[in-house]
Amino acid sequence: MNPKKLFKELYSVYGLQNWWPVTGKEKTIPEYKKRTKLTEKQKLEICFGAILTQNTSWKNVEKAIIELNKENLINAEKIVLIKKQKLAELIKSVGYFNQKAVYLKEFCKHLEKFNYSLNSFFAVFDLRKELLSVKGIGKETADSILLYSVQKPFFVVDAYTKRIMERITGKEENDYDKLQGFFHSRLEHDALLFNEFHALFVEHAKNFCRKKPLCSNCFLKKQCFHGKQFILK
DNA sequence: CGCCAGGGCCTCA
DNA sequence: TGAGGCCATGGC
761 MNPKKLFKEL YSVYGLQNWW PVTGKEKTIP EYKKRTKLTE KQKLEICFGA ILTQNTSWKN
821 VEKAIIELNK ENLINAEKIV LIKKQKLAEL IKSVGYFNQK AVYLKEFCKH LEKFNYSLNS
881 FFAVFDLRKE LLSVKGIGKE TADSILLYSV QKPFFVVDAY TKRIMERITG KEENDYDKLQ
941 GFFHSRLEHD ALLFNEFHAL FVEHAKNFCR KKPLCSNCFL KKQCFHGKQF ILK
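For the first sequence, the positions run 761 to 993 when my numbering is used.
Here is the structure:
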């Protein structure tokens, strides 16, 4: 299995995914390699989104982010000060709102040490380790922040990635670090590549590689261990 | 009605 | 270190 080839096939079918951020998004971006610089506010919004989307559909997260933006709460200092109850109400649409209100506050409180400057926080030596020390940030959320907000090449492994890879290779691998290592060792460490790749996995999982997969119509079935059995002979 | 979504924490072996 | 319970809304 060649990951680069897989990327090209997915990209040729689904095209640019243009994930993140929600606010102030560019309307037309011709290629995945030409993405504009993010503002500090957009970077913070991405961090919030990474936390809010834990086990939650993105549609519900967008609603919450728009609500927060209306109140000018894409702002770490303000999140620290707002009442937990009030914050939970604003993000109600994401589900798990009591937990996630705490998680957002924990993250923003961590930024206090950096005078609420996301850019200085992002400059710490072992940022991944520090992100993981924040309550509410696990490996996937940390890597999402590192990839989409910090824009450093950390491959994000989610449930979709595991499922698609399990079906393609025919081997189950639940270890996050091993799965991430697979991509890190076989792809150039390019944040924009990892960015689009992860988004394309999500898109493919929604279109074909669902829990109940639609193998017979899937364009990857010839090279997929699980999909091969659905090729008509 | 059931199932699932761009997971993580806590507890208990 | 791994399995299981818990968190909870909204779309289909």
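Ideal placement from N, C-alpha and C gives every residue a C-beta, glycine not left out.
Since the model is a prediction, treat every value here as computed from it, not as a measurement.
When DSSP labels each residue in this structure, what does R970 get in the three-state scheme? Position 210 of the first sequence, counted from the start, is the residue given in the question as residue 970. R970: coil per DSSP, three-state reduction.
Could you name each continuous beta strand (DSSP E) segment of 3 residues or more that falls completely within the region 797 to 853, going from the start of the chain to the end? Within the region 797 to 853, no complete beta strand (DSSP E) segment of 3 residues or longer occurs.
Comparing C-alpha positions only, which one of I806, Q802, A848 and H964 sits nearest to M925? As a working note, residue 925 is residue 165 in the first sequence. Per the Cα distances, H964.
How close, in whole Å, do the beta carbons of T783 and I834 come, if the pair is a contact with beta carbons under 8 Å? As a first step, residue 783 must be located in the first sequence, where it is residue number 23. As a first step, residue 834 must be located in the first sequence, where it is residue number 74. Cβ atoms of T783 and I834 come within 8 Å of each other, at about 7 Å.
Can you name the start and end residues of the alpha helix (DSSP H) that H944 belongs to? Start at 1 with the first residue of the first sequence, and residue 944 comes out as number 184. Looking at the DSSP string, the run of the alpha helix (DSSP H) that includes H944 is Y936 to R946.
Once the 5 residues before and after C807 are set aside, which same chain residues still bring their CB inside 6 Å of it? As a first step, residue 807 must be located in the first sequence, where it is residue number 47. For C807, where only same-chain residues beyond five positions count, the Cβ hits under 6 Å are I905 and S909.
Measure the alpha-carbon distance for M761 versus Y876 and round it to whole angstroms. On the first sequence, position 1 is the one that residue 761 refers to. On the first sequence, position 116 is the one that residue 876 refers to. The C-alpha of M761 lies about 43 Å from the C-alpha of Y876.
Are there three or more Cβ pairs, one per stretch, closer than 8 Å when the region 948 to 967 is compared with the region 800 to 814? Here the region 948 to 967 makes no contact with the region 800 to 814; the two share fewer than three CB pairs at distances below 8 Å.
According to DSSP, is K787 part of a helix, a strand, or is it coil? For the purposes of this step, residue 787 is identified with residue 27 of the first sequence, where counting begins at 1. A caution first: K787 carries a pLDDT of 48, below 50, which makes its placement in the model too unreliable to give a value.
Nearest-angstrom Cα distance between N879 and P763? For this step, residue 879 is matched to residue 119 along the first sequence. For this step, residue 763 is matched to residue 3 along the first sequence. Approximately 32 Å between the Cα atoms of the pair.
CB of Q911 within 8 Å of CB of A848, strictly: Taking the first residue of the first sequence as 1, we reach residue 911 at position 151. Taking the first residue of the first sequence as 1, we reach residue 848 at position 88. No, Cβ-Cβ distance for Q911 and A848 is not below 8 Å.
Tell me whether N778 sits in a helix, a strand or coil according to DSSP, three-state version. Counting from 1 along the first sequence, the entry for residue 778 is found at position 18. N778: coil per DSSP, three-state reduction.
K869 versus K838, K852 and K846, residue with shortest Cα-Cα distance: As a working note, residue 869 is residue 109 in the first sequence. When only C-alpha atoms are compared, the closest one is K838.
Could you spell out the range, first to last residue, of the alpha helix (DSSP H) harbouring D886? Stepping through the first sequence from its first residue, residue 886 is reached at position 126. Careful: D886 lies outside any alpha helix (DSSP H) and carries neither H nor E.
Per DSSP, what kind of secondary structure is M925 in: helix, strand or coil? Against the first sequence, residue 925 aligns to sequence position 165. DSSP places M925 in helix when its eight states are reduced to three.
Roughly how many angstroms separate the alpha carbons of I851 and L776, rounded to a whole number? Here residue 851 corresponds to residue number 91 of the first sequence, with the count starting at 1. Here residue 776 corresponds to residue number 16 of the first sequence, with the count starting at 1. Take the alpha-carbon of I851 and the one of L776: they are about 28 Å apart.
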